[in-house]
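**Student:** Have a look at the structure that comes next, please.
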Amino acid sequence: MNTFISIVRRDLQLAMRQGMDSVMVVAFFILAVMLFPFGVGPEANILARIAAGVIWVAALLSSMLSLERLFQIDYEDGSLELLALQPCALEITVMAKITAHWLTTGLPLLIATPLLAVFMSLPSDGFWALLFTLAIGTPSLSLIGAIGAALILGSRRGGVLLSLLVLPLYIPVLIFGVSAVDGAISGLPIKAHLLIMAGLLVAALPLCPWAGAGAIKQALET
Amino acid sequence: MYLYKFGKMIFHKYANPTRFLKLASTIQPWAAAATIGFLLAGLYFALLSSPGDYQQGETVRIMYIHVPAAWMAMFCYTAMAAAAAVGLIWKHPVAELAARATAPIGACFTFLALFTGSLWGKPMWGTWWVWDARLTSVLILFFLYLGYMALSNAFDDPARGSKASSILALVGFVNVPIIKFSVDWWNTLHQPASVIKMDGPAIHASMLIPLILMAFAFKAFYIWVMLMRIRGEINEGKIRALRLRQVHGGPPSRTTILEKTTEGAR
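Quick look at the structure:
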């Protein structure tokens, strides 16, 4: 547990010092959503109809944006090897890095969401559903993405490859997230969607660090 | 632990590429013959000797390609994930090659299923494509195959590539049960299973026969092409070893080539 906390703290400190990572992610998120009023036209009813989907897709893409650096920097400067040499299981290290990734990516996105909901004139019934689905959806995105980030270590085409690996696996989270918000807007019960999303999170929580640690192990072996 | 040892006992024999090549060259002509035989019989029944459907008319014949291709799409992914697991757990070189060899074949079957489904969908559903749960999950399967192939070729060291992509194959396996049960879980346009059911198949024998024959033909084709691809991969590893040997000087000796081959396969 101590190791976990100290790795999270280290990553957060690095993110604070090295710069503007979180700010960039939020800026990308806002810009990506802002493109839609220009693309489909500024009519409020059209925007309200697509708001949930657009915000969710933008959140998904921006959380993927910083994934490539999740292990890559530590891998390149060798500190990943030192982290792996610790007496505790590698899974804990991976879990700590995922937590740090969510704190520097998922959480800022969540904070920026109310602003975008206003921009996209999201119906107020869907607002809390959107926040809640993002709150339980973005951790799943960080967890699933970590597998992809660990798999591409040392490969030739990191970023593009990462999106090809991770995006298909993101689709279930997206489907249930958006349909929960749409359900809330049209006044339907959304408990089932939320439960499935929570189920995805609970399944990803042990399995993703495990797979990620496996991928890192074989990356360090060679 | 016992399971691990048991597996080691079973898989150990064909971990040697040379021994495997011998087995492969025995099976391959049979698989080729079976493919051609079943395909000719299947096509005869499918195109000439089976009735048109009372609702679908002649377009029902697309199903004799579509359904077996969709079966193979899922079968290939399952086989690939199983081979990847064997490769990871028992460090079995030929299993890793088998997983790599299966991916492009599976991707082609998936594409074939999507393409023929789209051709059938236009006259029957009135649209080339709908965002239905079954169609969407098969499309995801197609992208998983592409991701697998991209990842396995993304490293300078082929050994890294096959290990990384093995993990991806196992992660992506969650999609297979989703495809299988998508028609039951969601209320979709795609019809539910009608061949493999608890109370026997729900289609008439005249249509079932060509379907089964085509399924056998596709399966034999898969075995044929997969063995061909594995042999190709093994030979590629040998050539790479020879080239390395040439670069580093000295005549290539047989043992080092074999060693390199297994190493490259790992």
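Line by line, the protein sequences give chains A and B.
Here the first sequence is numbered in this note's numbering, starting from 2 and rising by one per residue.
Here the second sequence is numbered in this note's numbering, starting from 8 and rising by one per residue.
Virtual Cβ for every residue (Gly too), placed ideally from N, Cα, C.
Just so you know, these numbers come straight off a predicted model, no measurement behind them.
Determine whether the beta carbon atoms of residue 171(B) and residue 152(A) lie at a separation below 8 Å.
**Tutor:** In this structure, residue 152(A) lies closer than 8 Å to residue 171(B) by Cβ.
**Student:** Quick check: the segment 101 to 119 of chain A against the segment 132 to 145 of chain A, are at least 3 beta-carbon pairs closer than 8 Å?
**Tutor:** Short answer: they touch.
**Student:** With distances taken from CA atoms, which of 98(A), 89(A) and 56(A) is nearest residue 75(A)?
**Tutor:** If we check each option's Cα against that of residue 75(A), 98(A) comes out closest.
**Student:** List the DSSP bridge partners of residue 64(B).
**Tutor:** 60(B), per the DSSP bridge assignment.
**Student:** For residue 106(A), is the classification buried or exposed, using 16 other Cβ atoms within 10 angstroms of its Cβ as the cut-off for buried?
**Tutor:** Label assigned to residue 106(A): buried.
**Student:** Can you give me the C-alpha to C-alpha distance between residue 246(B) and residue 23(A), rounded to a whole angstrom?
**Tutor:** The alpha-carbon atoms of residue 246(B) and residue 23(A) are separated by roughly 48 Å.
**Student:** For residue 35(B) and residue 45(B), I'd like the C-alpha separation in whole angstroms.
**Tutor:** The alpha-carbon atoms of residue 35(B) and residue 45(B) are separated by roughly 15 Å.
**Student:** Measuring only the C-alpha atoms, how far is residue 137(A) from residue 136(B)?
**Tutor:** Going from the Cα of residue 137(A) to the Cα of residue 136(B) covers about 31 Å.
**Student:** Residue 73(A) touches chain B at which residues, Cβ-Cβ below 9 Å?
**Tutor:** Chain B residues near residue 73(A): none, gap ~14 Å exceeds 9 Å.
**Student:** Just to confirm before moving on: does the CB-CB distance between residue 68(A) and residue 201(A) stay below 8 Å?
**Tutor:** No. Outside cutoff.
**Student:** Listing by chain order, which chain A residues have their CB less than 7 Å from the CB of residue 154(B)?
**Tutor:** Ordered by position in chain A, the residues that pass the 7 Å Cβ test against residue 154(B) are 165, 166 and 169.
**Student:** Less than 8 Å between CB atoms is the rule here; does residue 99(A) satisfy it with respect to chain B?
**Tutor:** Cβ-Cβ to chain B under 8 Å: no for residue 99(A).
**Student:** What's the gap between the Cα of residue 115(B) and the Cα of residue 181(B)?
**Tutor:** So the alpha carbons of these two residues sit roughly 20 Å apart.
**Student:** Assess, as a yes-or-no matter, whether the segment 187 to 203 of chain A is touched by the segment 44 to 62 of chain A under the definition of 3 or more beta carbon pairs within less than 8 Å.
**Tutor:** Because the criterion of three Cβ pairs below 8 Å is not met, the segment 44 to 62 of chain A and the segment 187 to 203 of chain A do not touch.
**Student:** Could you name the residues of the same chain whose beta carbon sits closer than 7 Å to that of residue 73(B), not counting the 5 residues immediately before and after it, in chain order?
**Tutor:** So the qualifying residues of the chain are 120, 123, 124 and 127.
**Student:** Secondary structure at residue 271(B), three-state DSSP: helix, strand or coil?
**Tutor:** In this predicted model, residue 271(B) has a pLDDT of only 49, less than 50, meaning its place in the structure is not dependable enough to derive any value.
**Student:** Can you confirm whether residue 51(A), when its beta carbon is compared against all beta carbons of chain B, has any partner nearer than 8 Å?
**Tutor:** False, the Cβ-Cβ gap to chain B never drops below 8 Å.
**Student:** Round the Cβ separation of residue 170(A) and residue 72(A) to the nearest angstrom and send it over; I've been treating them as touching at under 8 Å.
**Tutor:** Incorrect: roughly 17 Å between the Cβ atoms, too far for contact.
**Student:** I want to verify the contact list: residues of chain B whose CB lies under 7 Å from the CB of residue 216(A), in sequence order.
**Tutor:** Near residue 216(A) (Cβ distances below 7 Å), the residues of chain B are 171 and 174.
**Student:** Within the segment 144 to 196 of chain A, note down every full alpha helix (DSSP H) run reaching 4 residues or more, in order along the chain.
**Tutor:** You should have 159 to 186.
**Student:** In whole angstroms, give me the CA-to-CA distance for residue 63(B) and residue 134(B).
**Tutor:** So the two alpha carbons sit approximately 15 Å from each other.
**Student:** Is the CB-CB distance between residue 47(B) and residue 166(A) below 8 Å?
**Tutor:** No, Cβ-Cβ distance for residue 47(B) and residue 166(A) is not below 8 Å.
**Student:** For residue 144(B), does the three-state DSSP call read helix, strand or coil?
**Tutor:** Helix.
**Student:** Check whether chain B comes within 8 Å of residue 54(A), counting only Cβ atoms and requiring the distance to be less than that.
**Tutor:** Not one chain B Cβ lies under 8 Å of residue 54(A).
**Student:** Check whether the Cβ atoms of residue 174(A) and residue 141(A) sit closer than 8 Å, and answer yes or no.
**Tutor:** Closer than 8 Å, so yes.
**Student:** I think residue 87(B) touches residue 113(B), with their Cβ atoms under 8 Å apart; what is that distance to the nearest whole Å?
**Tutor:** Right, their Cβ atoms sit about 6 Å apart.
**Student:** Alpha carbons only, please: which of 152(B), 221(B) and 232(B) is nearest the one belonging to residue 69(B)?
**Tutor:** Closest by alpha carbon: 221(B).
**Student:** Is the beta carbon of residue 61(A) less than 8 Å from the beta carbon of residue 221(A)?
**Tutor:** Their beta carbons are not under 8 Å apart, which means residue 61(A) does not touch residue 221(A) by this criterion.
**Student:** Let me check understanding here. Comparing Cα to Cα, which of 155(B), 53(B), 99(B) and 165(B) lies closest to residue 16(B)?
**Tutor:** It is 99(B) whose Cα lies nearest to the Cα of residue 16(B).
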